[in-house]
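Q: Please see the structure below; I have some questions.
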Amino acid sequence: MSASFRLLFCLCFIPVIASADGRELFERGFTAYQTNGPDALVNVWLLDQSKEAQTKAARDLRSSSEGLGEIIGFEVLTSIRISRRVERWFGVVYRRRGPVWVSADHYIGREEAGFVAFKSSRQVEDILPREMLVPPIE
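Those letters in the sequence shown? Residues -20 to -1, 1 to 118, per mature numbering (1 follows the signal peptide of the UniProt record, and there is no 0), in order.
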């Protein structure tokens, strides 16, 4: 295989592979959350962040989930490409008394990929892009 063909292959297919890893990691975080709570999600998603950042993220997730009861499921909604190396994933955690909306930024570095930030809210408008909330005019 020629060097130029290998380079072309890497440029075309590595982003697709990394994107798939983003979805898998996003789902794995939700599964950990459903089984073991906010700290488990944070440990899956923000593994390389400082302990302080992880603690704050888990506290924010607990706060947005407070009073909604147990988790009954989750759904990965979609992702959007923010830049060549950043993709934002959107999802919803279904709880007994209502949903918690979540977004997480997946960064694809030279040698590593993972989530660098996420946020959660009970208000869908705080998380989903406006375009996803407003139906198209026909």
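Ideal Cβ positions, reconstructed from N, Cα and C, are used throughout, including at glycine.
Note that this is a predicted model, so its numbers are computed, not measured.
Residues in its own chain within less than 8 Å of residue 33 by CB, not counting five upstream and five downstream?
A: 26, listed in sequence order.
Q: Here's the rule I'm using: 16 or more other beta-carbon atoms within 10 Å means buried, otherwise exposed. How should residue 52 be labelled?
A: Exposed, by the Cβ-count rule.
Q: If I measure Cβ to Cβ from residue -13 and keep anything under 7 Å in the same chain, skipping five residues before and after, which residues do I get?
A: In this prediction, residue -13 has a pLDDT of 37, which is less than 50 and means its spatial position is unreliable; what the coordinates show is noted afterwards. Closer than 7 Å at the Cβ level, and outside the excluded window around residue -13, lies no residue.
Q: Can you tell me whether residue 114 is buried or exposed, with buried defined as 16 or more other CB within 10 angstroms of its CB?
A: Residue 114 is exposed by the Cβ-count criterion.
Q: Who are the Cβ neighbours of residue 45 in its own chain at under 8 Å, not counting the five residues just before and after it?
A: For residue 45, where only same-chain residues beyond five positions count, the Cβ hits under 8 Å are 18, 73, 75, 80 and 100.
Q: On the CB-based measure, 16 or more other CB atoms within 10 Å of its CB, does residue 9 come out buried or exposed?
A: Buried, since its Cβ has 16 or more Cβ neighbours within 10 Å.
Q: Counting along the chain, where does the alpha helix (DSSP H) carrying residue 42 start and finish?
A: 31 to 45 is the span of the alpha helix (DSSP H), which, as asked, contains residue 42.
Q: If you check the beta carbons only, do residue 6 and residue 56 fall under 8 Å apart?
A: Yes, these two residues count as a Cβ contact at 8 Å.
Q: How should residue 62 be labelled, buried or exposed, when 16 other C-beta atoms within 10 angstroms of its C-beta is the threshold for buried?
A: Burial call: exposed.
Q: Who pairs with residue 58 in a beta bridge, going by DSSP?
A: The partner list for residue 58 (beta bridge, DSSP) reads 70.
Q: Among all the DSSP beta bridges, which residues are the ones paired with residue 13?
A: Answer is none; residue 13 lacks a bridge partner.
Q: Comparing the CB of residue 19 with every heavy atom of the ligand FAD, is any distance shorter than 7 Å?
A: In the structure on display, the ligand FAD does not appear, and there are no ligands present to speak of.
Q: Need the endpoints of the alpha helix (DSSP H) that residue 82 sits in, please.
A: Note, residue 82: premise wrong, no alpha helix (DSSP H); beta strand (DSSP E) at 78 to 88.
Q: Taking the DSSP output, what are the residues bridged to residue 93?
A: 88.
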